[in-house]
Amino acid sequence: MTDPASPLGGLPALSAATLHGPLLEQTGAFRGNALLLTGPARVGRRALALAVAAQHNCSGVRGMYGEACGTCPSCRALAAGGHPDVLLVEPRATTTTGKAARRRIIPIGAVLEGRDKGRDYEVHVYEFLEVRPTFRRRVVVVNGAEFLGQEAANALLKLVEEPPHGALFVFIAEDVRSVLPTIVSRSGRLSVPPVADRALEFALAQAGVSPDPDLVAFAAGRAGVLAEHVTVLAALAGAADFTRALEEGLLSALDAASALEKHWDAAWHPETLRFAWRHLPPPARARADTALEALQEALEAYANPALSFQVFALRLREALGSA
């Protein structure tokens with residue numbers, strides 16, 4: 004995973020132009036200091052932000068929608084994960100002890116090196132923008148603008164209003180209402196919508212991946228899901244296997260719970276389990292959701308994982324009428 008404030012990793016395999024071409028037409032012509040991209044989780048906002056960064060540094064021949072060429076020195080640097088002019092800032096996913104962070108926030112320390120007492124960030128926005136661009140334009144992507152602390156937001160405002168060397172800020176958030184009004188008022192706004200299933204299938208085919216019906220149905224128009232299709236397909240298979248095992252008997256359910264614990268992916272398994280339960284009657288689905296929420300709360304409280312998953316399996320068997 005990319006560091007919370009470090010040069011970005013490579014471009015996603017799925018083409019942002021294929022999925023969000025009309026939006027790239029607008030971002031390519033944007034001449035302001037800040038963009039705010041909003042839309043549902045995993046809809047492709049981050050990939051679009053990277054495509055914007057590529058656009059504003061590309062020196063090659065643009066595509067049909069004004070997308071970056073993909074072959075010039077800047078595009079190659081971004082694809083290789085070492086672009087010197089692009090910085091990603093995100094809330095920390097883990098604490099200094101390696102545990103999952105309970106509160107997501109982008110602190111002032113991400114912006115100013117002198118305020119980063121814990122040395123949580125390798126690169127800081129203010130110092131990053133002091134350096135002239137290697138290519139055309141320095142771009143700061145803030146993935147999770149709704150998690151900006153008040154101090155961090157205030158520090159960024161000064162940079163957004165008068166960006167050094169004409170830098171560009173790309174803010175990403177799920178809902179514009181969750182972003183501080185001072186950020187919103189200084190940004191051009193674009194809504195990133197879900198895309199049609201056929202567009203997802205075409206993007207997968209372009210990336211050399213056979214479109215899986217369950218994957219496309221689970222994605223529900225969210226392009227960001229496809230960027231991790233291998234992980235998602237594994238989570239979908241695990242959720243389906245676990246759900247089937249619940250009906251086979253108590254021992255099978257407990258064995259399946261142990262297997263699920265070993266492969267648990269907090270980013271995907273809760274949603275893939277709900278996808279596996281989508282055909283259940285509403286009352287059973289509601290009881291299963293309650294059991295899943297109890298499991299998540301137990302894991303967040305650092306309860307014994309093995310015991311938590313066993314209890315989860317027992318509650319689900321009861322929810323499904325298999326107790």
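Each residue of the sequence shown is one higher than the one before, counting from 4 in the numbering used here.
Ideal Cβ positions, reconstructed from N, Cα and C, are used throughout, including at glycine.
Nothing here was measured: the structure is a model prediction, and the numbers come from that model.
Burial state of residue i, where buried means 16 or more other Cβ atoms lie within 10 Å
i: E93; result: buried
i: T5; result: Bear in mind that a pLDDT of 37 at T5, under 50, signals an unreliable position, so the model cannot answer this.
i: L194; result: The sequence shown places Ser at residue 194, not Leu. With fewer than 16 other Cβ atoms within 10 Å, it is exposed.
i: N307; result: exposed
i: A309; result: exposed
i: A316; result: buried
i: R107; result: exposed
i: G169; result: exposed
i: A20; result: buried
i: H282; result: exposed
i: T333; result: The shown model of the chain, from 4 to 326, leaves out residue 333, and the question about it has no answer.
Beta-ladder partner(s) of residue i, from DSSP
i: R192; result: L39
i: V143; result: L90, F172
i: L151; result: I109
Option in the options with minimal Cα separation from residue i
i: G241; options: A256, L229, G252; result: A256
i: A238; options: G227, A223, F278; result: F278
i: V144; options: L132, T246, F138; result: L132
i: S77; options: A148, R180, Q58, E116; result: Q58
i: E130; options: A148, A158, E231; result: A158
i: P184; options: F33, L39, E28; result: L39
i: T41; options: L22, Q153, A148; result: A148
i: P197; options: A210, Q209, E177; result: E177
i: L253; options: P25, M67, Q153, R318; result: R318
i: L171; options: V142, M67, Q153, V179; result: V142
i: P166; options: A287, R118, G152, R135; result: R135
i: V163; options: E204, S188, C72; result: S188
Whether residue i touches residue j by CB criterion (8 Å)
i: I109; j: A155; result: yes
i: F221; j: V228; result: yes
i: L91; j: N36; result: no
i: A54; j: E70; result: yes
i: S311; j: L323; result: no
i: T234; j: W267; result: no
i: D88; j: T137; result: yes
i: E204; j: V182; result: no
Checklist entry - At which residue ranges does the stretch 244-300 contain complete beta strand (DSSP E) runs of 3 or more residues, listed in the order of the chain? => result Within the stretch 244-300, no complete beta strand (DSSP E) run reaches 3 residues.
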